[in-house]
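What follows is a set of notes on a single structure, which appears directly below.
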RNA sequence: CGGAGCGUAGCGCAGUCUGGUAGCGCGUUUGGUUCGGGACCAAAAGGCCGAGGGUUCAAAUCCCUCCGCUCCGACCA
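Residue numbers (this note's numbering): 7 to 582.
As structure tokens, this is what we get:
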């Protein structure tokens, strides 16, 4: 490919609306261009990489025994009503009507449609197990699209679905995808870690997310070096080592109400009283499927709403509005606590660390007042204790007892063992060898293809630009032709291009009438894995210069023209 | 949904407070000098100043409404 014929626009300045490096680089290197918030046009360079990621995904899916299909983006509402997700997806799903006023969704995922298709074709255990996949554009009306392709309204996703005869059989399908995912990300040059994850709204038995570690990641992940435990913070568990007690005899400590004017947050009250935040019990009123519930956690901790939801067996938990808080406790937010709330029937749950807590400080259920010397067992009616807080750095691993560290990650893949949530709803059954009808067991598996592309950049760039792995680079080799108007020099470049392309290597020849510095800057910005400089000066010195993007100038090699193709292949080979 | 900021040439921005001929840098085009890490000189093209309404002799600038974008927050008491 000649650069002068390619639709490439590079920018010297960072785009004003990009925050993170990978987003800035995608725009500056001319991979994509924003159309509107969360919507992008993929330009030729970006499209080439997107296609290469897709090719890797296809190869690994096929190798794992999955079969490619493609389903409509425009999906009738009836399918979504069957599973109940027409309602539960809420405003996150794009909806529209056709001219006959029939409702449709723009597919945010495809469990319903695939289940409907499979059940219409599969009727015997002889046809199972079965895994199908598609690579298709997905639509989600995100609350706040951001960071370019990391969270956009329209994105390319590979979604796979497995169907099995039993929960045990489904484990094999799950593991096949799990292992395929490891290969996909490794081939994209990514270090992706599988971590235990919550199943969220999609439902199911258990799941793993694949994360690429990056400071710009939107998820927190707890890692344990001791045993290798890794889990999303939504899910991560900890071992409680110490309970919140004053160390004094609770009998000698009587509750004492103290005025704390104007102090609402734990931080403010803690400062006001000169006592550390950990001596407090933080009490929050949640609306749990519409019923108020008080949740108590150590004062320096945050509630994990996902854990809370599971603990209470609830469908939806959200912080209660101010009016509900006042009615339930008798005080406004900032002064509520578990001791004698206005509503004596108010259910109260607490984090396991608070079991037996003595000498602590709680809100008094009276505006601008707190109570100290509280013994939770003696003074409050805690209904139940459980693990309700978000794990933080240094917390003790529940499995092996070693301290955990928290890192940030970009979720590039997610595998779920779904069970029968959708196959029950759609009555997707097969006949077993006893002629009995049984419900199929499902798994679902997603890879954010467009997000993966950006994650590669986030993980692999430097101050000069992108550093593409050879497997997904838009072009593997850039020949910087320094004297395009000199016929003999140009011939060397184009002959080399032809020789490399004959061996299946992607090459772009920078034949622009630009000064060398401009070409070098652009080659570094776009990040071609191998750069070859062909110029009159180099040829006079004995050949062409070969340099890998990831090496510095000192590793540049001058090789004779006759050996150039071999040297380039060798340089590429080292990049895998 | 709440708060803040921003919409001026393809990109990055100034000009708005204090109304008076629409500017700068990069990029683009032409000519010339250069030529190994984003050169220089000269000339040129390119704007409904986000949209609509109002005030005024006169509006990018003041007022109102709407739209879009970005960031923060979405109740952690």
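By construction, the Cβ of each residue, glycine as well, lies at the ideal position given by its N, Cα and C atoms.
Since we're looking at a predicted model, the values are computed, not measured.
- When DSSP states are grouped into helix, strand and coil, residue 411 belongs to the strand group.
- Within the same chain, and ignoring the five residues on either side of residue 337 in sequence, the residues whose Cβ sits closer than 6 Å to its Cβ are 371, 372 and 373.
- With contacts defined by Cβ atoms closer than 9 Å, residue 72 and residue 139 form a contacting pair.
- Residue 564 and residue 540 have their alpha carbons spaced roughly 10 Å apart.
- Following the DSSP letters along the chain, one finds residue 53 inside the alpha helix (DSSP H) bounded by residues 50-69.
- Inclusion of residue 580 and residue 554 in the CB contact set at 9 Å is warranted, their separation being smaller than that value.
- Using a Cβ-Cβ distance cut-off of 8 Å, the stretch 402-422 and the stretch 453-460 are in contact, since at least three pairs of beta carbons, one from each stretch, lie closer than that value.
- Ranked by Cα distance from residue 512, the options 523, 500 and 76 are led by 500.
- The shortest C-alpha to C-alpha distance from residue 74 to any of 81, 63 and 433 is the one to 63.
- Contact between the stretch 9-22 and the stretch 433-443 is absent, with fewer than three C-beta pairs closer than 8 Å.
- Note on geometry: alpha-carbon atoms of residue 310 and residue 483 lie some 48 Å from one another.
- Its Cα nearest to that of residue 569, the residue 549 stands out among 557, 561, 549 and 558.
- Going by DSSP, residue 187 is part of the alpha helix (DSSP H) stretching over 173-193.
- Inter-residue distance for residue 136 and residue 175 is about 11 Å (C-alpha atoms, whole angstroms).
- When rounded, the separation of the alpha-carbon atoms in residue 118 and residue 472 is 39 Å.
- Cα atoms of residue 461 and residue 535: separation of roughly 17 Å, rounded to the nearest angstrom.
- Minimum Cα-Cα distance from residue 81 among the listed residues 218, 224 and 120 corresponds to 120.
- Here the stretch 33-48 lies against the stretch 149-156, with 3 or more beta-carbon pairs under 8 Å apart.
- Pairing residue 231 with residue 410, the inter-Cα distance amounts to about 7 Å.
- Under the DSSP definition of a beta bridge, residue 143 partners with 162.
- Considered as a whole, the stretch 222-307 harbours 272-279 as its complete alpha helix (DSSP H) runs of no fewer than 4 residues, in chain order.
- By a beta-carbon distance limit of 8 Å, residue 292 does not contact residue 303. Their separation comes to about 12 Å.
- One Cα belongs to residue 384, the other to residue 359, and the distance between them is close to 16 Å.
- In this structure, residue 116 places its C-beta atom within 9 Å of the C-beta atom of residue 142.
- Rounded to the nearest whole angstrom, the CA to CA distance from residue 93 to residue 87 is 7 Å.
- Proximity to residue 388 across 422, 352 and 375 peaks at 352, based on C-alpha coordinates.
- Comparing C-alpha distances from residue 183 to each of 166, 192 and 193 shows the shortest one belongs to 166.
- As a beta-bridge residue in DSSP terms, residue 355 pairs with 301 and 390.
- Taking 9 Å as the cut-off, the beta carbon of residue 261 is found closer than this to the beta carbon of residue 377.
- Per DSSP, reduced to three states, the secondary structure at residue 557 is coil, with no helix or strand assignment.
- Following the DSSP letters along the chain, one finds residue 328 inside the alpha helix (DSSP H) bounded by residues 328-335.
- With contacts defined by Cβ atoms closer than 9 Å, residue 50 and residue 480 form a contacting pair.
- For the pair residue 158 and residue 170, the CB atoms are not nearer than the 9 Å cut-off.
- In the structure shown, residue 82 falls within a strand segment according to DSSP collapsed to helix, strand and coil.
- Checking the DSSP bridge columns, you'll see residue 428 has no partner listed.
- Apart from sequence neighbours up to five positions away, the residues of its chain that approach residue 122 with a beta-carbon distance below 7 Å are 85 and 432, ordered along the chain.
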